[in-house]
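Some notes on the structure that comes next.
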Ligand SMILES: Cc1cc2nc3c(=O)[nH]c(=O)nc-3n(C[C@H](O)[C@H](O)[C@H](O)COP(=O)(O)OP(=O)(O)OC[C@H]3O[C@@H](n4cnc5c(N)ncnc54)[C@H](O)[C@@H]3O)c2cc1C
Ligand code: SF4
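Protein chains in written order, with my numbering: chain A, 1 to 584; chain B, 585 to 839.
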């Protein structure tokens, strides 16, 4: 039997990026807040110190910071005609575990979505007349203007390094001219640029594009955030993406919020406490508690007045399904909502090889690049192209870690003497132009519970049914063609084009940009949460994270994940706590 | 909101689960953390000890015949040539041995529950074998098939051109081995060889940083700030590993 613990005002399930933000905001509102995190306590000096953080084998290839699949994984398939099988090894995406979540090992590429992204359905319908059949995109129910102050808040908490492109409607030279208007500049100037992004920017300008520096959560200079927490300048160590920063230079929960939040008297964290279920009262309309298991295998019941799911999209959706909250989506009938509109990101690249230029690819950082946005969202006319959406293109020099990054020219064998010679010749002289594209939601792409496979507790695993559709392939090919032109304009010896072909494959790493499944909206028949991320069915339950995205725009998600977290926290503070109940 | 003079309270419950539900990290225990950023002296998480268990060139996992296979194979995957040492000279076989003897070999972090099915190509690794099992079975079965062919008693004894042909066939998934999947095995062997050539020397491979020197990767450098803007200039410092530079260490030690 589960031991029943004393109640708290607010309970956070998971303690990564969104958990830290909600913890800070709700304790500021005077609530007594408890966070339950399935993983262990983790911090810079003990877990990713600069004396051992730069270990490619341990962290990337042996997955030390990521989710342990022996404990929990999900099953995958491309369509309902296939039998889903477990993801036995990590590959395509890398969910986080432990305090700080995936935020510990993110790159820090911190974007705002375009104003038109939030009205993708009505905007595209209006401009192009009709949408592809079975595309299930919809409007978010929240506008860019409503989120602007919350984007701003996150950018200042993190100390984002960047160049504004649109200050209150005035386009700024050197920034992204396509971005929505921002109230004030980024808190820090852009990062210094290494050679490859600089060469890209020159080529882009020569073709008439407007390149700009990647907005980055890697510090371009020492910074003290509004909470009084200090970050140090990034040293361009090149072990950022998939690694922890030993240098307090990458904005994470640990380096921006936890030093303040952890010391508050009204905040408590329990680590290695995995939430198994949200318990409802007899009406099914109110969440009363969660059941969790600690490191010793003991079960507890933790009551709370307000429960916030901050466990990453995949775990949030699974907890909703396991707890029987909201109607599960049925792709055949097209009914139900939980698990509906799962989406992802589609990427491709063009390798660039020089003979006459030493590029030193190992000098890099997680969000250190020059990009163009001419082909993102609806920044270009899609008439006659047969697809909607887009993505950014550019060079983000994240580093040159040799097990992972050893590009070779077309036709090089994968091993043997010719392979060795090709690597020796090209390692210091190559880089890669990448495309990072949107994935629209589609009737056949969704999440539900697997009928066969179980986790260590005997509960069904999440099942992911996903494939890129015709829209994504056409869009990605279009972006890759543009990237190819840009790569040629860099005047290299040769290039190699790597299109994203065929079905989505769980093996190669792509991005940890999973979205949807608990989408936000204004209609309960097509969304799980309302525009404040509050469950339509259970009003004292909020569901955060990229699960709320109705489809996935062509940018990395976390800027918007965080803006939505501040937006939801604001609604809880200013409205919900005064009159608990449905906000919409 | 943040200042409060009450004493720091951390209760640490060291509970070792006796075979019950497996905790997320088997060594740690649940903590209740209040009013603190907990920190304990001497708790820094250094590279995993298991992978360093065997020192020098003694094999911890591979039996003699298996070691002969791995040594011969890595020597063909990245050969010794006019550019310098190959994977064998860089210690990739020792690296693979230690990996197979440790957490990786046991597939400890992987989801290894049944039922088992072959699956689509896009569904990834679907064999029941751990890496250690797969190496054992594949090497035994490949050596048996080589013997059956009649040119030599085992893969390691073949002429290098024949070894290359065998590796190419494995890469293409041609040999139908009794239990091991040829292509799955080759993919793992190739990946592990590259790891043994380019990972930090603390894991037993990349001896004298031969892999890094070949390509010009400076290793575990902490700070490139002074070089970001020096476009096109050669980076002047020699490679460094987590254990320092080869020149700093005693004869014969790893790391
Ligand atoms: C390699 C990598 C690179 C990335 N780069 C970028 C980037 O450049 N830009 C960008 O925008 N995004 C990036 N991301 C994505 C980014 O990390 C996530 O969007 C972000 O961390 C999501 O925040 P979250 O709070 O939803 O989840 P997380 O930060 O992952 O936190 C979730 C927490 O919940 C815990 N948890 C899960 N289930 C339970 C349970 N049942 N009980 C208790 N606790 C639970 C987990 O252990 C985890 O600590 C990257 C991700 C990865 C892996
Ligand atoms: S690149 Fe910069 S921010 Fe990233 S881990 Fe290295 S020092 Fe930290």
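Don't be surprised by glycine CBs; every beta carbon is placed ideally from N, CA and C. None of the values given here were measured: they were computed from a predicted structure.
Quiz item: Is the shortest distance between the beta-carbon of residue 91/A and the beta-carbons of chain B less than 8 Å?
Solution: Residue mapping note: residue 91/A aligns to position 91 of the first chain, counting from 1. With 8 Å as the cut-off, residue 91/A counts as an interface residue toward chain B.
Quiz item: For ligand 1, is there a heavy atom less than 7 Å away from the beta-carbon of residue 558/A?
Solution: The sequence position of residue 558/A within the first chain is 558, counting from 1. Residue 558/A: yes, Cβ under 7 Å from ligand 1.
Quiz item: If you pair each beta-carbon of the region 155–165 of chain A with each one of the region 346–364 of chain A, do three or more pairs fall below 8 Å?
Solution: The region 155–165 of chain A vs the region 346–364 of chain A: no contact.
Exercise. Starting from the Cα of residue 283/A, find the closest Cα among 538/A, 4/A, 275/A, 333/A and give me that residue.
Key: As a first step, residue 283/A is located in the first chain; it is residue number 283 there, counting from the start. For residue 283/A, the nearest C-alpha among the options comes from 538/A.
Practice problem: Give a single yes or no on whether residue 103/A has its beta carbon closer than 7 Å to a heavy atom of ligand 2. | Solution: Here residue 103/A is taken as the residue at index 103 of the first chain, counted from 1. Not under cutoff, so the answer is no.
Self-check item: Three-state secondary structure assigned by DSSP to residue 485/A
Solution: Against the first chain, residue 485/A aligns to sequence position 485. Looking at residue 485/A - three-state DSSP - the assignment turns out to be helix.
Self-check item: CB of residue 373/A within 8 Å of CB of residue 178/A, strictly
Solution: As a working note, residue 373/A is residue 373 in the first chain. As a working note, residue 178/A is residue 178 in the first chain. For residue 373/A and residue 178/A, yes; Cβs fall inside 8 Å.
Quiz item: Got a sec, what are the start and stop residues for the beta strand (DSSP E) residue 726/B sits in?
Solution: As a first step, residue 726/B must be located in the second chain, where it is residue number 142. Segment 715–733 is the alpha helix (DSSP H) holding residue 726/B; no beta strand (DSSP E) there.
Practice problem: Would you kindly report the start and end of the unbroken beta strand (DSSP E) that includes residue 437/A? | Solution: By one-based count along the first chain, residue 437/A stands at place 437. Counting along the chain, the beta strand (DSSP E) containing residue 437/A begins and ends at 430–437.
Quiz item: Going along the region 708–721 of chain B in order, which residues come within less than 7 Å of chain A, judged by CB to CB distance?
Solution: So the list reads 708, 709, 710, given in the order they occur along the chain.
Quiz item: Three-state secondary structure (DSSP) at residue 168/A?
Solution: Taking the first residue of the first chain as position 1, residue 168/A is located at position 168. If DSSP states are grouped into helix, strand and coil, residue 168/A belongs with coil.
Quiz item: In chain order, what residues of the same chain have a beta carbon less than 8 Å from the beta carbon of residue 823/B, not counting five sequence neighbours either side?
Solution: Locating residue 823/B in the second chain gives position 239, counting from the first residue. Excluding positions up to five away in sequence, the list reads 793, 796, 797, 801, 802, 803, 829.
Quiz item: Using the rule of at least 16 other Cβ atoms within 10 Å of the residue's Cβ for burial, across every protein chain shown, is residue 222/A buried or exposed?
Solution: Walking along the first chain from the start, residue 222/A turns up at place 222. That one is exposed.
Quiz item: Using the beta-carbon count (16 or more within 10 Å), is residue 631/B buried or exposed?
Solution: The residue you call residue 631/B lines up with position 47 of the second chain. Per the 10 Å Cβ criterion, buried.
Quiz item: Would DSSP call residue 809/B helix, strand or coil?
Solution: Position 225 of the second chain, counted from the start, is the residue given in the question as residue 809/B. Here residue 809/B sits in helix by DSSP.
Quiz item: Which residues of chain B have a Cβ atom closer than 8 Å to the Cβ of residue 57/A, listed in chain order?
Solution: Counting from 1 along the first chain, the entry for residue 57/A is found at position 57. Per Cβ cutoff of 8 Å: 779, 783, 784, 787.
Quiz prompt | Any alpha helix (DSSP H) of 4 or more consecutive residues that is wholly inside the region 221–269 of chain A | solution = 253–256, 258–261
Quiz item: Roughly how many angstroms separate the alpha carbons of residue 57/A and residue 688/B, rounded to a whole number?
Solution: Counting from one through the first chain, the residue named residue 57/A turns up at place 57. Counting from one through the second chain, the residue named residue 688/B turns up at place 104. Straight-line Cα distance between these residues: approximately 11 Å.
Exercise. Check the C-beta distance from residue 370/A over to residue 394/A and give it rounded, since I have them as a contact under 8 Å.
Key: Your numbering for residue 370/A matches position 370 in the first chain. Your numbering for residue 394/A matches position 394 in the first chain. Indeed they touch by this definition, with Cβ atoms about 5 Å apart.
Quiz prompt | Sequence-distant residues of the same chain with beta carbon closer than 7 Å to residue 610/B, five excluded per side | solution = Translated into positions along the second chain, residue 610/B becomes position 26. Because the pLDDT at residue 610/B is just 40, under 50, the model does not fix this residue reliably, and the point stays unresolved.
Quiz item: Could one say the Cβ of residue 696/B lies closer than 8 Å to chain A's Cβ atoms, at least one of them?
Solution: Here the question's residue 696/B lines up with position 112 in the second chain. Chain A contact via Cβ: present.
Exercise. Check residue 12/A in the structure and name its three-state DSSP category.
Key: Counting from one through the first chain, the residue named residue 12/A turns up at place 12. Residue 12/A: strand per DSSP, three-state reduction.
Quiz item: Which of the residues in the region 216–246 of chain A, read from start to end, lie with their CB under 9 Å from any CB of chain B?
Solution: For the region 216–246 of chain A, which is checked against every Cβ of chain B, the residues closer than 9 Å are 227, 228, 233, 234, 235, 236, 237, 238, 239, 246.
Exercise. Please confirm whether residue 518/A and residue 559/A have their CB atoms less than 8 Å apart.
Key: On the first chain, residue 518/A is found 518 positions in, with the first residue counted as 1. On the first chain, residue 559/A is found 559 positions in, with the first residue counted as 1. No.
Quiz item: For residue 121/A versus residue 138/A, is the C-beta distance shorter than 8 Å?
Solution: The residue labelled residue 121/A in the question sits at position 121 within the first chain. The residue labelled residue 138/A in the question sits at position 138 within the first chain. Yes, these two residues count as a Cβ contact at 8 Å.
Practice problem: Identify every residue that forms a DSSP beta bridge with residue 620/B. | Solution: Mapped onto the second chain, residue 620/B falls at position 36. According to DSSP, which records beta bridges pairwise, residue 620/B is partnered with nothing at all.
Practice problem: Step through the CB atoms of chain B and report whether any lies within less than 8 Å of the CB of residue 82/A. | Solution: As a first step, residue 82/A must be located in the first chain, where it is residue number 82. Residue contact with chain B for residue 82/A: present (Cβ-Cβ distance below 8 Å to some residue of chain B).
Practice problem: Could you tell me whether the Cβ of residue 117/A comes closer than 8 Å to any Cβ of chain B? | Solution: Residue numbering aside, residue 117/A sits at position 117 when the first chain is read from its first letter. Answer no: the Cβ-Cβ gap between residue 117/A and chain B never drops below 8 Å.
Practice problem: Could you name the residues of the region 45–56 of chain A whose beta carbon sits closer than 9 Å to any beta carbon of chain B, in the order they occur along the chain? | Solution: 45, 46, 47, 48, 49, 50, 51, 52, 53, 54, 55, 56
Practice problem: Express the C-alpha separation of residue 485/A and residue 786/B in angstroms, rounding to a whole number. | Solution: As a first step, residue 786/B is located in the second chain; it is residue number 202 there, counting from the start. As a first step, residue 485/A is located in the first chain; it is residue number 485 there, counting from the start. If you draw a straight line from the Cα of residue 786/B to the Cα of residue 485/A, it comes to about 43 Å.
Self-check item: Contact set between residue 630/B and chain A, taken where Cβ atoms lie within less than 9 Å
Solution: Your numbering for residue 630/B matches position 46 in the second chain. Residues of chain A passing the Cβ test: 51, 52.
Quiz item: Is there at least one Cβ from chain B nearer than 8 Å to residue 76/A's Cβ?
Solution: Residue numbering aside, residue 76/A sits at position 76 when the first chain is read from its first letter. Closer than 8 Å: yes.
Practice problem: Compute the Euclidean distance between the alpha carbons of residue 322/A and residue 316/A, then round it to the nearest angstrom. | Solution: Position 322 of the first chain, counted from the start, is the residue given in the question as residue 322/A. Position 316 of the first chain, counted from the start, is the residue given in the question as residue 316/A. Cα to Cα, residue 322/A sits roughly 10 Å from residue 316/A.
Practice problem: Tell me the start and end of each unbroken alpha helix (DSSP H) in the region 37–101 of chain A that is at least 4 residues and wholly inside, in chain order. | Solution: 44–47
Quiz prompt | residue 135/A - DSSP class collapsed to helix/strand/coil | solution = For the purposes of this step, residue 135/A is taken as residue 135 along the first chain, with counting starting at 1. Strand.
Quiz item: Taking only beta-carbon atoms, is residue 417/A less than 8 Å away from chain B?
Solution: Indexing the first chain from 1 puts residue 417/A at position 417. Yes, contact with chain B.
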